[in-house]
Amino acid sequence: MFNKMSNLISVKFLLLVVIVLLVGTLGFFGWQKFSAEAPYYAVFLQTGDLYFGQLSKSLIPGSNITLKNTHMLINDQNDKQNPFKLQKFSDAFWGPSENISLSRDKVVWINKLKPDSQVALAIKNAASGNQQAFPQSSVPPQAPAPEIPAQSDQQ
374 MFNKMSNLIS VKFLLLVVIV LLVGTLGFFG WQKFSAEAPY YAVFLQTGDL YFGQLSKSLI
434 PGSNITLKNT HMLINDQNDK QNPFKLQKFS DAFWGPSENI SLSRDKVVWI NKLKPDSQVA
494 LAIKNAASGN QQAFPQSSVP PQAPAPEIPA QSDQQ
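The numbering of the sequence shown is my numbering, which starts it at 374 and goes up by one.
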């Protein structure tokens, strides 16, 4: 009788340990998944506008693309050292909201940014109140236009 009771207690204890480990493991990975910050994307439009933000998934097929925490690239030609600046969309002079809805037919491409890209880091810094322009080295040098040999009429 004592052995049956002892075996029953050890089976229950072992089952309890397995359940606690399983719940702990699932909780840890679930916490990581839900606490991870949504990735940032670059969205380039047919108009030449380039927006950065976090994509909001829609369950409706063919619906507009919504960017949250939207930023846009501003070209300041007066600043020769840092001509490109990232501006929060809601800081534009007309006072839009932080989100933007874009027509899918006007989107040329969408690209997920690396978490350590200069744009993603600049957005994160701006959110923490540390707004910075891009360093000069981040601006790619302009490639000279290719020379096209003049065609002669002699053939």
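The beta carbon of each residue, even a glycine, is placed where N, CA and C say it ideally should be.
Is it true that the CB of residue 389 sits closer than 7 Å to the CB of residue 437?
By one-based count along the sequence shown, residue 437 stands at place 64. By one-based count along the sequence shown, residue 389 stands at place 16. Not closer than 7 Å, so no.
Pick helix, strand or coil for residue 411, following the three-state DSSP scheme.
Residue mapping note: residue 411 aligns to position 38 of the sequence shown, counting from 1. Residue 411 falls in the coil class under three-state DSSP.
Considering only C-alpha positions, which residue in the set 454, 473 and 485 is nearest to residue 445?
Walking along the sequence shown from the start, residue 445 turns up at place 72. Nearest C-alpha to residue 445: 473.
Would you kindly report the start and end of the unbroken beta strand (DSSP E) that includes residue 442?
Here residue 442 refers to the residue found at position 69 when the sequence shown is read from its first residue. First-last of the beta strand (DSSP E) with residue 442: 438 to 448.
Taking 8 Å as the threshold, find out whether the region 450 to 458 comes into contact with the region 380 to 387 through three or more Cβ pairs.
The region 450 to 458 is not in contact with the region 380 to 387.
Can you give me the Cβ contacts of residue 417 inside the same chain, cut-off strictly under 7 Å, excluding the 5 residues immediately before and after it?
Counted from its first residue, the sequence shown places residue 417 at position 44. Here the set comprises 423, 481 and 482.
Specify, as a first and last residue, the run of the beta strand (DSSP E) that residue 482 falls within.
Residue numbering aside, residue 482 sits at position 109 when the sequence shown is read from its first letter. That run of the beta strand (DSSP E) goes 480 to 485.
In three-state terms, what does DSSP make of residue 383?
Residue mapping note: residue 383 aligns to position 10 of the sequence shown, counting from 1. The answer is helix: DSSP assigns residue 383 an H, G or I state.
Quick one: using the 10 Å Cβ neighbour count with 16 as the cut-off for buried, is residue 408 buried or exposed?
Translated into positions along the sequence shown, residue 408 becomes position 35. Note on residue 408: pLDDT 48, under 50, position unreliable in the model; the coordinate value appears next. It is exposed - the Cβ of residue 408 has fewer than 16 other Cβ atoms within 10 Å.
Would residue 493 and residue 486 be called neighbours here (beta carbons separated by less than 7 Å)?
Within the sequence shown, residue 493 is the residue found at index 120, counting from 1. Within the sequence shown, residue 486 is the residue found at index 113, counting from 1. Yes, these two residues count as a Cβ contact at 7 Å.
Let me confirm a value: residue 411 is counted as buried when at least 16 other C-beta atoms fall within 10 Å, else exposed. Which label applies?
Residue 411 sits at position 38 when you count from the first residue of the sequence shown. Exposed: under 16 other Cβ atoms inside 10 Å.
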